[in-house]
Structures are given as structure tokens and as C-alpha cells.
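Report on the structure given below.
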Amino acid sequence: MKQMNPFQIIGAKNKKIIIVDDEERILDMLGAVLTNLGFKITKANSGKKALTILEHSSFHIALVDIVLGDITGIHVLDRIKTLYPDCVVIMISGYATVENAIEAMRYGADNYLVKPFELKELIDILKQYV
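So this is what it looks like as C-alpha cells:
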């Protein structure tokens, strides 16, 4: 009998997520966890790389860090919502401020997570959108 993953997300299979973060360890950790949950993952370690990927591929969900090394996560969020209005965008930040959260929501962010966050928090949010 196959053992079920206690964090399994029904409907995750074949859903595409792009993760945009300039911290490789965050990309690797989130990529591994979300792949294990059944999502198809694409990673971008810069905002510009994310924009290039987004010109050629659509995603169901995007996890975007607000502070990137080259351009802001808000710029990436704005481009995602322009190209793919139905894409769910979850902003993540280690430099959370009320101003950042308000700006992200104004540009169409669907949710906001403050680093460090528990994986259960992310999984609970993802369950709302699949």
C-alpha cells in the first residue's frame, strides 16, 4: 500500500510553479519540497531571468521574492499579471514592511509570506489555489 504524503496537495500534479529568489538555498529548498508535492517547478535566481522565462512559458503559480539582486519583485509581479492575469502570485520577503505588502497587493499579489516561514504556511496557502 502506497504511503500518502501528509502534506500532499490534491490537484498539484501538472500545476506549474515558477520560484523567483536570488538566494540559491531558498530556490533549492522550495524546489525540492514543491516537486515532492507533485508540482512542476521552474526556478529563476534573478528578476531578469524570471522575465525571460515568463516571455516563453506560463505558470499557474509564482512565488516571487520582493528583494531581488537586479530588479524588484514588484516589477516581476507586475509583468506576470500583465502577461498572465490568472496566475496566482505569492510574494515572499525577509524584509517585510506594511508598505511592501500594500504595494504588492496593489500590483495584484494574491498572497504574501514573510521569511522565514514554516512550510506548512506555504502549503496551506497553495491549497487555496489548486
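Mapping the sequence shown onto numbering that gives the first Met the number 0, position 58 (from 1) lands on 57, and the numbers just tick up by one.
Where a beta carbon is used, it is the ideal one built from N, C-alpha and C, also for glycine.
Separation of residue 61 from residue 131, as counted between CA atoms: Because the chain spans 0 through 129 in this model, residue 131 falls outside it and cannot be assessed.
Beta carbon of residue 42 nearer than 9 Å to that of residue 19: yes
- request: Below 6 Å CB to CB, which residues in the same chain sit around residue 0 once its five sequence neighbours on both sides are set aside?
  value: Annotation note: pLDDT 45 at residue 0 (below 50); position unreliable, coordinate value reported separately. Here the set comprises nothing.
message: Three Cβ pairs or more, each shorter than 8 Å: is that satisfied between the region 33 to 42 and the region 86 to 104?
response: no
query: In chain order, what residues of the same chain have a beta carbon less than 7 Å from the beta carbon of residue 129, not counting five sequence neighbours either side?
result: 8, 10, 11 and 14
- request: Whole angstroms is fine: what's the gap from residue 17's alpha carbon to residue 88's?
  value: 10 Å
task: Below 8 Å on the Cβ atoms is my guess for residue 76 versus residue 107; work out the distance and round it to an integer in Å.
output: 7 Å
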